[in-house]
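Quick note on my numbering: the sequence shown kicks off at 538 and runs consecutively.
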Amino acid sequence: HPVNPAVMIAAAQDGIYRTTDAWKSHTRILEGHFKDLEFKPGDPSIVYAASNIKIYRSTDNGETFIPSMLGMEKDIEGEVNRIELAVSAANPDVVYALCSDFRNNGLYGVYKSTLSGILWTKVYGNDKINLLGWYSSGSDAGGQGFYDLALAVSPTDINDIHVGGVNLWRSVNGGKDWTLNSYWRHSDKYEYVHADHHILAYSPHGHILYSGNDGGISKTYNSGLTW
538 HPVNPAVMIA
548 AAQDGIYRTT
558 DAWKSHTRIL
568 EGHFKDLEFK
578 PGDPSIVYAA
588 SNIKIYRSTD
598 NGETFIPSML
608 GMEKDIEGEV
618 NRIELAVSAA
628 NPDVVYALCS
638 DFRNNGLYGV
648 YKSTLSGILW
658 TKVYGNDKIN
668 LLGWYSSGSD
678 AGGQGFYDLA
688 LAVSPTDIND
698 IHVGGVNLWR
708 SVNGGKDWTL
718 NSYWRHSDKY
728 EYVHADHHIL
738 AYSPHGHILY
748 SGNDGGISKT
758 YNSGLTW
């Protein structure tokens with residue numbers, strides 16, 4: 538919780554857990570296999586949660602959750618095996634969702650909500666660049682979405698998005714177009730960062746982006762021009 542540090546919510550393989558006394562006690566709020574939780578910036582009463590196959594929303598500070606997938610439920614039903622979420626103080630009403638394809642663990646799609654997770658639209662699909670593959674061109678199929686899936690949005694620009702899989706990709710127009718931000722192999726053409734990105738997070742100061750990957754921790758001060 539951004540204001541009360543005794544309140545914490547955890548995503549786990551068997552559900553969502555919540556404590557109000559810094560884990561002296563806790564309650565399992567919801568069953569399921571969950572990977573991600575995000576507080577709405579500026580309004581911690583709203584919490585978003587992602588299981589492997591669904592997105593949930595809470596309006597009571599994480600005490601209860603209900604599915605919230607209007608506009609995307611029929612599109613991703615039976616199609617995805619993991620979902621990662623990202624929010625930004627640049628526009629607290631916006632939520633992004635990154636989904637991996639259950640068939641090959643490559644990209645399935647990037648979705649966006651401008652209504653605090655109530656209604657979703659698809660902004661990028663798997664008919665374009667595969668953001669989760671191994672190739673620098675993104676022209677290959679498949680990936681490791683079950684294992685490495687990361688998403689972050691700039692705290693100062695809601696259209697500046699970073700995706701992590703085997704490589705790192707960046708969009709500066711809200712997910713419509715993407716460029717390679719780092720490559721998992723040494724190359725004269727691209728910045729090298731170790732493969733398999735598990736988390737992307739901005740510093741509280743907003744200008745440093747960190748990647749937690751299989752090689753350790755990498756950071757950039759200039760949105761990935763250098764790492």
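Beta carbons are placed, not taken as given, at the ideal position from N, Cα and C, and that holds for glycine.
Alpha-carbon spacing of residue i relative to residue j, whole angstroms
i, j, result
"F571", "N710", "29 angstroms"
"Y633", "L668", "15 angstroms"
"S673", "L717", "7 angstroms"
"S676", "V690", "24 angstroms"
"E728", "T564", "44 angstroms"
"A548", "E568", "10 angstroms"
"E614", "I603", "16 angstroms"
"K659", "N696", "15 angstroms"
"W657", "M609", "6 angstroms"
"Y747", "R619", "22 angstroms"
"M606", "A587", "11 angstroms"
Top-ranked residue by Cα proximity to residue i, from the options
i, options, result
"E616", "Y645, G569, A559, H734", "Y645"
"L737", "N759, G701, D751", "G701"
"I566", "I695, Y593, K577", "Y593"
"L762", "S719, H744, H735, N696", "S719"
"S740", "D714, Y661, P692", "P692"
"G752", "W706, H699, D685", "D685"
Check whether residue i and residue j have beta carbons under 7 angstroms apart
i, j, result
"N750", "H731", "yes"
"G643", "G679", "yes"
"Y585", "L622", "yes"
"G599", "I546", "yes"
"D630", "S653", "yes"
"V703", "W715", "no"
Cutoff 7 angstroms: residue i Cβ touching any chain D Cβ
i, result
"Y633", "No chain D is present in this structure, which holds just one protein chain."
Whole-angstrom C-beta distance between residue j and residue i, which should lie under 8 angstroms
i, j, result
"D694", "A627", "6 angstroms"
"V544", "T557", "5 angstroms"
"A687", "H734", "5 angstroms"
Quiz prompt | Contiguous beta strand (DSSP E) assignments of at least 3 residues, all confined to the segment 607-675 | solution = 617-624, 632-638, 644-650, 658-662
message: Please give me, in chain order, every unbroken run of the beta strand (DSSP E) with length at least 3 that falls completely inside the segment 557-585.
response: 564-567, 571-577
Whole beta strand (DSSP E) runs in the segment 684-735 with 3 or more residues, listed along the chain?
687-690, 698-701, 705-708, 716-719
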